[in-house]
Ligand code: ARG
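Numbering (our numbering), first residue to last: 598 to 1154.
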């Protein structure tokens, strides 16, 4: 409907405003008696040299009134009331024919790079990495739904002086079998031990420095160990990715750029951007601390590797956009990085975007990796799944596929809890709250979906285009919400904000449950096919919303 109205207004305004400008001006009135959509004429007064009221009257007079039930001019507003029946038929039949591709844009042949998750080898997978994983995956799905091809990149933290320490620690205290069976835990243990021991025995630091030097010089033994640490850590991370249903197109981590930094440094030098500062080299950037490129000993840094990575990705993919889904504590790093690339004269720097996010809190406090004491994501997920299973045992003990459903509900609950608020907000991690079937949760939406699925199954519903009459006020609210889906998909991409889809799905589920409470869907009368078709459309869009967020929708629960 929106689209139709905008086009109609465009004509009525005789080309004075374009589609986008009209779209920005259109409002949803606060009260129903003011129409379904409202067009304010105040900002036009200057341009048209007429009063808003007069403009509203003229434009309203030009509208194709047959499209609407009513068009009223109130003050400087044009209040438009939809012709419900037409709209219902148009919206629902569109969903019935397009099904899950409703809201998808046509493939545009462009790529979007999403750098997300990116944990550090031999360190635990932190809550921050969980957020990045969940948000990044949703953004990748959102980009795809908007017609882009997404490239999911796991920029593993697999290089740095800590590997020198790990190698030394392993040679002194490492236990091969223990590491093979629980890599992160064991590697972390010897890493912490290294730090404790080095306090008494500072020579260890010198050994670590040498070990890292050996690694950089591609010493055989050091390289083998590094490879092995990387492999076993990645195998452990992969279990979590599998559980979350997430995969990557590339695991090129920091180490991948080792042989790609010289040319970047050379380029910086040629462009006369490198400035020496106490033996180190930096690039100066406006209104920020300078970006450190090489240390006094010539070693490169995190930023140098990110610089090389950005160049590489540009050459490889020419992305329309490139997202870095990393906590807001790294904002300075990314601002510096983007500024350096801009200074190098690359206008594609504008396509790079840091997507920051807040923290996960437990009882209001930061949930973090402390010395040796870590919150393991795998444990957290296991606990949530266990709780979900208990809930099922309580509510629906005869359910088939209990294990699988418990996993889909438990994992979905964690993901949704993360995505339902704007990413910059800190989020509270409470398993009880995120599993609450009546709350703002994944299980609430999944349950709504399952409820509709069982109705459709009972009625042996087959989706096909039909003729709709009015389905009542609540269903009308639901239909207007369904109509908003394509726009929500678009906005979620433009704003890099999955929470728009999470909130959208919650609202749709809430409206449907209200409808369900008021309506006997399965009563055998002439309206049954219409009620089922409406329910089907709601289920389709709910399932698609959950899929985009990275959440499964079981048919029974
Ligand atoms: N490994 C880093 C960390 O754990 C995150 C890397 C993010 N991506 C990037 N291109 N810098 O903090």
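Positions of the beta carbon are idealized from the N, C-alpha and C atoms, including for glycine.
One question on the structure: do residue i and residue j come within less than 8 Å of each other, judged by their Cβ atoms?
i	j	result
residue 1026	residue 1148	no
residue 984	residue 1007	yes
residue 653	residue 670	yes
residue 1028	residue 1103	no
residue 892	residue 877	yes
residue 1086	residue 690	no
residue 1106	residue 1143	no
residue 665	residue 675	no
residue 907	residue 938	yes
residue 858	residue 901	yes
residue 1048	residue 1113	yes
residue 1093	residue 872	no
residue 830	residue 780	yes
residue 903	residue 749	no
residue 910	residue 710	yes
residue 1011	residue 936	no
residue 765	residue 727	no
residue 1161	residue 934	No information on residue 1161 is available, as it lies outside the stretch 598 to 1154 that the chain covers here.
residue 914	residue 708	yes
Cβ of residue i within 7 Å of any heavy atom in the ligand ARG?
i	result
residue 914	no
residue 921	yes
residue 906	yes
residue 842	no
residue 754	yes
residue 717	yes
residue 846	no
residue 1070	no
residue 903	yes
residue 712	yes
Quick one: using the 10 Å Cβ neighbour count with 16 as the cut-off for buried, is residue i buried or exposed?
i	result
residue 1059	exposed
residue 632	buried
residue 585	The question about residue 585 has no answer, for the chain in this structure spans 598 to 1154.
residue 977	buried
residue 731	buried
residue 705	exposed
residue 1017	buried
residue 823	buried
residue 712	buried
residue 1127	buried
residue 762	buried
residue 1072	buried
residue 612	exposed
residue 1101	buried
residue 725	buried
residue 1031	buried
residue 852	buried
residue 884	exposed
residue 723	buried
residue 679	buried
residue 1150	buried
residue 1015	buried
residue 968	Residue placement at residue 968 cannot be trusted, given a pLDDT of 45 that sits under 50; what the coordinates show is reported in the next sentence. With fewer than 16 Cβ atoms within 10 Å of its Cβ, residue 968 is classed as exposed.
residue 769	exposed
Using only alpha-carbon positions, find the residue among the options that is nearest to residue i.
i	options	result
residue 734	931, 844, 987	844
residue 787	809, 853, 756, 719	719
residue 987	999, 671, 619	999
residue 1095	656, 640, 740	740
residue 826	862, 755, 939	755
residue 1120	1074, 753, 1056	1056
residue 716	641, 802, 924	924
residue 894	850, 911, 807	807
residue 737	1005, 1145, 1151, 1150	1145
residue 758	707, 936, 899, 1118	899
residue 694	1134, 1050, 760, 1039	1134
residue 659	609, 1098, 599	609
residue 627	841, 620, 636	636
residue 1124	943, 601, 1068	1068
residue 1137	1050, 1116, 773, 703	1050
residue 979	840, 866, 1063, 656	840
residue 1079	642, 684, 623	684
residue 600	1084, 785, 721, 768	1084
residue 624	817, 865, 602, 1009	602
residue 1021	993, 1132, 926	926
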